[in-house]
Ligand SMILES: Cc1cc2nc3c(=O)[nH]c(=O)nc-3n(C[C@H](O)[C@H](O)[C@H](O)COP(=O)(O)OP(=O)(O)OC[C@H]3O[C@@H](n4cnc5c(N)ncnc54)[C@H](O)[C@@H]3O)c2cc1C
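Numbering (the numbering used here), first residue to last: 2 to 340.
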């Protein structure tokens with residue numbers, strides 16, 4: 002384990018904003034993570050845990066210590082001939098894992114293909130796509146508490162998962178590092194094809210890798226590749242509103258997509274609201290809104306977090322004024338603007 006100083010993080014965030022870490026350490030094992038945390042405690046360095054940087058808006062300077070879990074181990078624990086638990090260390094790239102599991106014929110994670118980032122970050126916002134969330138396959142999360150180095154295993158219930166939400170965005174926000182995730186896998190075919198025209202893209206009896214391939218193709222058609230155009234995927238969560246507000250909106254906008262939720266509320270499509278406010282394809286100097294998907298804010302190069310956050314505020318205001326609905330950003334802002 003080596004703490005490095007003044008490390009550039011421009012390539013470590015998918016928006017591609019120029020950023021610098023005062024101190025930066027990669028930890029490959031639990032022991033190294035505990036050593037790094039002890040060091041941060043001893044010198045009172047504030048800690049920032051970083052994965053693939055695909056869900057953060059990175060401001061210019063990260064003081065304290067940036068800690069990046071990079072452990073790559075994964076191993077299977079068979080439960081019986083049809084079910085298994087998969088233990089995965091935090092540094093494993095999520096999409097690599099999904100492809101490996103699909104190629105090996107395991108069901109569970111295939112709909113979550115091509116989501117960037119590391120496995121350790123997946124529980125933070127309960128990643129989801131094409132009708133599946135991490136919570137559907139998660140068995141447990143292994144964490145270390147930042148304040149005292151305590152190791153703990155959280156069950157799925159203890160993670161309090163919700164739509165793009167978990168305990169790691171509330172009581173445990175900025176208080177733990179996730180070092181390992183345990184997933185439940187099945188041999189029994191369980192294709193979930195009801196979202197996004199998926200059923201038309203796969204064979205009648207698909208195997209997991211068919212679904213992975215179809216989802217990759219669909220996502221590539223819709224979403225910009227961060228290697229080409231900086232972005233963090235969906236910038237805003239789809240707002241959940243009271244059914245009464247959804248009905249009123251429907252009277253005025255009969256083409257508005259509205260999805261009933263299990264709690265009796267209604268989920269609206271943030272991208273549709275933004276597009277109706279005229280922002281699709283909008284550009285303001287270095288930042289803008291993607292021209293194929295209004296939910297994705299993009300960085301064209303040479304810009305910074307402040308510009309993007311200002312644009313996001315303007316979008317939020319416009320949507321609120323037009324529909325009375327408040328949008329909530331998905332990514333976290335990390336770091337400081339100045340040195
Ligand atoms: C093109 C694109 C498409 C996307 N599509 C989707 C999608 O379909 N569904 C979806 O849900 N998300 C999507 N995302 C968002 C993002 O990929 C996920 O949220 C992903 O899980 C973030 O992983 P990361 O490793 O990049 O996390 P980072 O961005 O590095 O970190 C995100 C947050 O998690 C914390 N964190 C990271 N690792 C750990 C750890 N080991 N322990 C404790 N805290 C940690 C960080 O401090 C930060 O607060 C997309 C992003 C992009 C760029």
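Glycine included, C-beta positions come from ideal geometry on N, C-alpha and C.
(message) So the candidates are 14, 289, 115 and 248; which of them puts its Cα closest to the Cα of residue 325?
(response) By 1-based counting over the chain shown, the position of residue 325 is 324. Considering only alpha carbons, the answer is 248.
(message) Please classify residue 50 as buried or exposed, where buried requires at least 16 neighbouring CB atoms within 10 angstroms.
(response) Locating residue 50 in the chain shown gives position 49, counting from the first residue. Counting every other CB atom within 10 Å of its CB across the protein chains shown gives residue 50 a total of 16 or more, marking it as buried.
(message) DSSP three-state label for residue 264, please.
(response) The residue given as residue 264 occupies position 263 in the chain shown. Reduced to three states, the DSSP call for residue 264 is coil.
(message) Going by the DSSP bridge assignment, what does residue 181 pair with across the sheet?
(response) Residue 181 sits at position 180 when you count from the first residue of the chain shown. The partner list for residue 181 (beta bridge, DSSP) reads 90 and 143.
(request) In the DSSP assignment, find the unbroken beta strand (DSSP E) run with residue 156 in it and report its ends. (result) Indexing the chain shown from 1 puts residue 156 at position 155. Counting along the chain, the beta strand (DSSP E) containing residue 156 begins and ends at 152 to 156.
(request) Starting from the C-beta of residue 140, find all residues in its chain whose C-beta is less than 7 Å away, skip the five residues before and the five after it, and write them out in chain order. (result) Looking up residue 140 in the chain shown gives position 139. Contacts found: 86, 157, 183, 184 and 185.
(request) Return the CA-CA distance between residue 134 and residue 308, expressed in angstroms with no decimal places. (result) Translated into positions along the chain shown, residue 134 becomes position 133. Translated into positions along the chain shown, residue 308 becomes position 307. Distance between the alpha carbons of residue 134 and residue 308: 31 Å.
(request) Could you tell me the boundaries of the beta strand (DSSP E) in which residue 209 lies? (result) Residue numbering aside, residue 209 sits at position 208 when the chain shown is read from its first letter. For residue 209, there is no enclosing beta strand (DSSP E); the enclosing alpha helix (DSSP H) has its first and last residue at 209 to 223.
(request) Buried or exposed for residue 206, please, with buried defined as at least 16 other CB atoms from any protein chain shown within 10 angstroms of its CB. (result) The count along the chain shown starts at 1 and reaches residue 206 at position 205. Exposed, since its Cβ has fewer than 16 Cβ neighbours within 10 Å.
(request) Return helix, strand or coil for residue 324, following the three-state DSSP convention. (result) For this step, residue 324 is matched to residue 323 along the chain shown. Helix.
(message) Which residues does DSSP list as the beta-bridge partners of residue 121?
(response) Translated into the one-based positions of the chain shown, residue 121 becomes position 120. Bridge partners of residue 121: none, in fact.
(request) Compare the Cα-Cα distances from residue 412 to each of 155, 179, 124 and 174 and report the closest residue. (result) What is shown of the chain runs 2 to 340, which leaves residue 412 out entirely.
(message) For residue 81 and residue 88, I'd like the C-alpha separation in whole angstroms.
(response) Your numbering for residue 81 matches position 80 in the chain shown. Your numbering for residue 88 matches position 87 in the chain shown. Their Cα atoms are separated by approximately 16 Å.
(request) Starting from the C-beta of residue 79, find all residues in its chain whose C-beta is less than 7 Å away, skip the five residues before and the five after it, and write them out in chain order. (result) For this step, residue 79 is matched to residue 78 along the chain shown. Closer than 7 Å at the Cβ level, and outside the excluded window around residue 79, lie 85.
(request) Say yes only if the C-beta of residue 24 is nearer than 7 Å to one or more non-hydrogen atoms of ligand 1, and no if none qualify. (result) Along the chain shown, read from residue 1 onward, the residue named residue 24 stands at position 23. No.
(message) Taking the straight line between their C-alpha atoms, what separation do you get for residue 260 and residue 303?
(response) To locate residue 260, count along the chain shown from 1; it is residue 259. To locate residue 303, count along the chain shown from 1; it is residue 302. Just so you know, the alpha carbons of residue 260 and residue 303 end up roughly 38 Å apart.
(request) Please report how far the alpha carbon of residue 377 lies from the alpha carbon of residue 320, in whole angstroms. (result) Absent from the structure is residue 377, since the part of the chain shown begins at 2 and ends at 340.
(request) Tell me where the beta strand (DSSP E) around residue 49 begins and ends. (result) Translated into the one-based positions of the chain shown, residue 49 becomes position 48. DSSP places residue 49 inside the beta strand (DSSP E), whose first and last residues are 48 to 50.
(message) So, with DSSP's three-state summary, where would you put residue 334?
(response) If you number the chain shown from 1, residue 334 lands on position 333. Strand, per DSSP.
(request) Identify every residue that forms a DSSP beta bridge with residue 77. (result) One-based indexing of the chain shown puts residue 77 at position 76. DSSP lists 87 as the beta-bridge partner residues of residue 77.
(message) Distance check for residue 17 and residue 43, CA to CA, integer angstroms please.
(response) Locating residue 43 in the chain shown gives position 42, counting from the first residue. Locating residue 17 in the chain shown gives position 16, counting from the first residue. Going by the C-alpha atoms only, they are around 32 Å apart.
(request) Please state whether DSSP places residue 66 in a helix, a strand or coil. (result) In the chain shown, residue 66 corresponds to position 65, counting from 1. Residue 66 falls in the strand class under three-state DSSP.
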